[in-house]
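Student: Numbering (our numbering), first residue to last: 11 to 436. Using N, Cα and C, we set each Cβ at its ideal position, and we do this for glycine too. Keep in mind that this is a model prediction, so the values were computed, not measured.
(1) Put residue 415 into one of helix, strand or coil per three-state DSSP.
(2) Could you round the C-beta distance between residue 152 and residue 125 to whole angstroms and report it? I think they count as a contact, below 8 Å.
(3) Under a three-way DSSP split, which group does residue 259 fall into?
(4) Can you name the residues that DSSP bridges to residue 90?
(5) Is the beta carbon of residue 295 less than 9 Å from the beta carbon of residue 331?
(6) Given that a residue counts as buried once 16 or more other Cβ atoms are within 10 Å of its Cβ, and exposed if not, what is residue 213?
(7) Please check the pair residue 197 and residue 230, which I expect to be a contact at CB under 8 Å, by giving their CB distance rounded to whole angstroms.
(8) Excluding five sequence neighbours on each side, which residues of the same chain lie with their C-beta closer than 6 Å to the C-beta of residue 137?
(9) Please list the segments of the beta strand (DSSP E) lying wholly inside the stretch 140-179, counting only runs of 3 or more residues, in order along the chain.
(10) Alpha carbon to alpha carbon, how far is residue 204 from residue 383?
(11) Quick check on the DSSP output: what are the complete alpha helix (DSSP H) runs of length 4 or more inside the stretch 54-138, in order along the chain?
(12) Report back the beta-carbon spacing between residue 300 and residue 336 to the nearest angstrom; my notes put them in contact at under 8 Å.
(13) I think residue 397 touches residue 357, with their Cβ atoms under 8 Å apart; what is that distance to the nearest whole Å?
(14) Does the Cβ-Cβ distance between residue 252 and residue 232 come in under 9 Å?
(15) Considering only C-alpha positions, which residue in the set 352, 395, 359 is nearest to residue 380?
(16) My guess is that residue 375 and residue 401 are in contact by the Cβ rule of under 8 Å, so how many angstroms apart are they, rounded?
(17) Between which two residues does the beta strand (DSSP E) carrying residue 340 extend?
(18) Quick one: what's got a C-beta closer than 7 Å to residue 377's C-beta in the same chain, skipping five residues either side?
(19) DSSP state of residue 284, grouped into three classes?
See the structure below:
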């Protein structure tokens, strides 16, 4: 039977929750997590038996303290320092044995039984609860991953307050494979902005600060994933900023990325038994590059496996490699039913191409894709004798005179911004 908490505990919880709504800036000091000599020298202390309510300065102090009562309300004032964003209310349960996850469940050092359990909604996390600093100097990889991993199987929201988060390895969302769906769905990674327009606030930026392949990976089959308000800066260390496979009913909004070495975004499908990638929305996403010989966005599933990317909408988004040579902005392959609305798909070098409609390894695809009021400055159709694309439609402002790029090809039709008809009459 679940134990009832006394009335004074409930009143105290309410009071402390109200008090926790106001953040204070941490005072200049050395991070407790870096003070290895002091941490090693610390001995486990025992709170006085009369104290049913405690105030602890940081996670290290929490791990060094074992209350002598069965239950206690504990106020943590910061993860490293008071006011650093890691604070919160905890409930001490002397009989709890859950694994220490570094943020919502804390075990005293060496204790097999007894845990501090953070009082919060089960589906809400803040990466600073797990030790992320967002200062651009400390490695925040493990803290961000721990926050994501601590969510229940139904998923939830992980908040990344504004700051610069140093990342030295791939951050994973979901654990799906071609054989099984992800154990968790409904994961939402929410930042404080992606440096759109004037940078008047501290946006949320992930900085790739080591050499590795992929910065952020969404591993499907997985549903209901949201990435919002986050900037990915590869710092010329990673090949890919964002990899997404077999995702369904998911959304990226106000996400930006820059400075990668290979293909900036890969949107694919590899698990045909689970239906491929479909019914997704990309709204106000902005991926550009400052390195030549790269592809900004690669879009398409696995033709041999029959894993298709389809029924996806792109709105008010921008993809470009600036004036760099030997680049492709958008490479579309095994995909159908894509809709692009008011998107900027451009390359400003004569040696680069804005849009590839690429049928070389997937006959009949891409097909049934539409472009409305999109800037498409230059395009190429990649076909051979045994591989041709399907039908595509272009309409309106920003399409320039695509007749030179597309005709003669019976699968392309539409109307350019200056009223010229794109149509094969042969």
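Tutor: Walking through what the data contain:
(1) helix
(2) Actually they are not in contact, since the Cβ atoms of residue 152 and residue 125 sit about 20 Å apart, beyond 8 Å.
(3) coil
(4) Per DSSP, none; premise fails for residue 90.
(5) no
(6) buried
(7) With a Cβ gap of about 11 Å, residue 197 and residue 230 do not count as contacting.
(8) 153, 154, 157, 170
(9) 145-149, 166-169, 173-177
(10) 24 Å
(11) 69-73
(12) Their Cβ separation, rounded to whole angstroms, is 14 Å, which puts residue 300 and residue 336 out of contact at 8 Å.
(13) Actually they are not in contact, since the Cβ atoms of residue 397 and residue 357 sit about 24 Å apart, beyond 8 Å.
(14) no
(15) 352
(16) Not confirmed; about 11 Å, so no contact.
(17) 338-342
(18) 346, 399, 400, 401
(19) helix
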